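Each residue of the sequence shown is one higher than the one before, starting from 16 at the first, in my numbering. Where a beta carbon is used, it is the ideal one built from N, C-alpha and C, also for glycine. Given the structure is predicted, the values throughout are model-derived calculations rather than measurements. Taking it in order: structure first as structure tokens, then the write-up.
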Amino acid sequence: MDAYYDLAVLSVFLRLDEGTSLRLLSAYEGTPCTGLPRGFLYHRRLAAALAGAFQLYLARQMKHAGATGAETLDATPSLGEFYQRMMTGALKLGTADGQWAFGLAMLKESLAL
Numbered sequence: 016m017d018a019y020y021d022l023a024v025l026s027v028f029l030r031l032d033e034g035t036s037l038r039l040l041s042a043y044e045g046t047p048c049t050g051l052p053r054g055f056l057y058h059r060r061l062a063a064a065l066a067g068a069f070q071l072y073l074a075r076q077m078k079h080a081g082a083t084g085a086e087t088l089d090a091t092p093s094l095g096e097f098y099q100r101m102m103t104g105a106l107k108l109g110t111a112d113g114q115w116a117f118g119l120a121m122l123k124e125s126l127a128l
């Protein structure tokens, strides 16, 4: 496993921007990082895609109806929007709809990274 995998996963779930990710890597390395390593960038995309696919699988296991065909990238909430909806109680991660929404948001995030 790549040394940056765990940090990349953390970066995705906490929605760290490039500057914050650089500070995280600098703290990990003990020396200043001037750019995000290719492996770190790859693992961020991979982690978001894997988490998204797994959340969709979990939603289906919880009897979610699945894709309707109306899902588009523009209609899918961003990860930040998903977190906000969860904080207001509009979505609950323990439900099939919450799992489905989280999966779609993570897949959208993987495309944005």
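Drop a sphere of 10 angstroms on the beta-carbon of Q114, count the other beta-carbons inside from all chains shown, and report buried for 16 or more, exposed for fewer.
Flag for Q114 reads buried.
Taking G133 as part of the alpha helix (DSSP H), name the residues at either end of that continuous run.
A query on residue 133 cannot be resolved here, the shown segment of the chain reaching from 16 to 128 and no further.
Out of G81, D17 and T46, point me to the one whose CA is closest to L61's CA.
The shortest Cα separation from L61 among G81, D17 and T46 belongs to D17.
Using the Cα positions of L31 and L40, report the straight-line distance between them to the nearest angstrom.
So the two alpha carbons sit approximately 12 Å from each other.
State the DSSP-derived secondary structure class of K107, mapped to helix, strand or coil.
Here K107 sits in coil by DSSP.
Within 10 Å of its beta-carbon, does G50 have 16 or more other beta-carbons around it, so buried, or fewer, so exposed?
With fewer than 16 Cβ atoms within 10 Å of its Cβ, G50 is classed as exposed.
How far does the alpha helix (DSSP H) with Y57 in it extend, from its first residue to its last?
Element bounds for Y57: R53 to Q76.
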